[in-house]
C-alpha cells in the first residue's frame, strides 16, 4: 500500500526542513524525503546566517533543524524520490520502497555545482581552501590571495566582486575559445586583477591545504583560496518532467507564494530562480508552508 500524507517535502536541507517545521506547527501531516546530499553539509562555517554571531557549521545547522522538526512530531525519511507524476489531483512519488500519494509537493532539492578536477575536493572545502559562495563568505577571506575561475558570461563580474575583499585577485581562463573583450580586459586592468590566459587544467593541494592551480602551459600558481564559479544546474528534473516551467540553469519559476506552474507543486531554495542563500531558502519556506496550509482543507482542532 502507498503511504499517504497531506504534504510531501522533497529535500532535507534548510529550505525543506524549515517548511516541514512550519507545516507540522500548522498540524499538517508531512513526509520529508531526503537522500542525504544537502549542499549545506559542505559548508565548514556560515557567518552570515542570522542568530549565530560566531558562525555555525553547516552540519550543525542541519542537525538543529532536524531536532526542531522532531519537537513537533516530524522526522526525515532517508529515501530518494526517483520520479513524480500526477494522477488527477494527486501526486504519485516513486521511490525504491514504494510510492507516496499526496495532494501537495514542496520541492527543495537545491543545485549541483559544475566542477573542476580538484584533488581531495571535500577536504579542500572543509579546510576553506576551495569555497563555493563569495556572497556567503567573501568577508571571511579578507586580504587573502584569491584565485577565481568562471564562465565567460560573467567572469569579469565575479573577479571584480572578489576585489571587495582582497587586493590580490587572479582570474583564470577556462574557455580559450571565448577570449576577453577589450572592455573586460580594461575593467580587470583598472581594478588591478591579474588575468591568466592559459586555460586552467586542474587543482592540487599542498600539504598545508593551499590550492595550486595548473594551466595548460605547464605553469603552477599557488593561492590561499580558490573560487570555482563555473555555474550550476538545478535539481529540478522531478518538476520539469511533469511540466513545471524552468528558467536559467534549469531553475524553477515560481510566483510570490512559491507556486510553480504545476498546480499543487511548490518549490523553495536554490532550485528556484533567485539568490542562493540559506536565509533566502528559509524565508521562501515560510512563505510556501503558509500558502500550502491555507490552500489545504481546514483541519479544525477538536476539544481535547
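Numbering (full-length UniProt numbering), first residue to last: 1 to 304.
Glycine residues also receive a C-beta, built at the ideal position from the N, C-alpha and C atoms.
As the structure is a computational prediction, the values presented were derived from the model and not from experiment.
Residue 91: member of the beta strand (DSSP E) spanning 90-95, first to last residue. Within the same chain, and ignoring the five residues on either side of residue 15 in sequence, the residues whose Cβ sits closer than 6 Å to its Cβ are 108, 268, 269, 281 and 285.
Within the same chain, Cβ atoms closer than 8 Å to the Cβ of residue 24 are found at 30, 69, 72, 73 and 74, the five residues on either side in sequence being excluded. With fewer than 16 neighbouring CB atoms inside 10 Å of its own CB, residue 300 falls in the exposed class.
Beta-carbon to beta-carbon, residue 239 and residue 275 are separated by about 20 Å, too far to satisfy the 8 Å threshold. With a threshold of 16 other beta carbon atoms within 10 Å, residue 202 falls short and is exposed. Distance between residue 126 and residue 45, taken at the CA atoms: about 9 Å. Look at the beta carbons and you see the segment 140-157 not touching the segment 247-255: under three pairs across the two are nearer than 8 Å. Residue nearest to residue 17 within the set 2, 54, 225 and 36 is 36 (criterion: CA-CA distance). For residue 148, same chain residues with a beta-carbon under 6 Å away, outside a window of 5 residues either side, are 158, 159, 162, 171 and 227 in chain order. In this structure, residue 146 sits near residue 169, with a CB-CB distance shorter than 8 Å. Just so you know, the alpha carbons of residue 84 and residue 57 end up roughly 33 Å apart.
Under the 8 Å Cβ criterion, the segment 86-102 counts as touching the segment 2-12, having at least three qualifying pairs.
Residue 88 and residue 303 have their C-alpha atoms some 34 Å from each other. Counting other Cβ atoms within 10 Å of its Cβ, residue 223 reaches 16 or more and is therefore classed as buried.
About 50 Å separates the beta carbons of residue 1 and residue 129, which is beyond the 8 Å limit, so they are not a contact pair. Spatial neighbours of residue 166 in its own chain (CB-CB distance under 6 Å, excluding positions within 5 residues in sequence) are listed in chain order as 143, 144 and 146. The C-beta separation of residue 289 from residue 19 comes to about 5 Å, placing the pair in contact by the 8 Å criterion. The three-state reading of DSSP puts residue 256 in coil, since its state is none of H, G, I, E or B.
The DSSP-derived three-state label of residue 247 is coil.
Contact between residue 174 and residue 213 fails: their C-beta atoms lie close to 11 Å from each other, not under 8 Å. Counting every other CB atom within 10 Å of its CB across the protein chains shown gives residue 38 a total of 16 or more, marking it as buried.
Residue 100 has 3 and 93 as its beta-bridge partners, per DSSP. Taking 8 Å as the upper bound for CB-CB distance, residue 123 and residue 131 are not in contact here, some 13 Å apart. Distances from the alpha-carbon of residue 118 to those of 5, 28 and 205 put 205 closest.
Within the same chain, Cβ atoms closer than 6 Å to the Cβ of residue 221 are found at 213, the five residues on either side in sequence being excluded.
Taking 8 Å as the cut-off, the beta carbon of residue 47 is found closer than this to the beta carbon of residue 55.
By the neighbour-count criterion, in which a residue is buried when 16 or more other Cβ atoms sit within 10 angstroms of its Cβ, residue 235 is buried.
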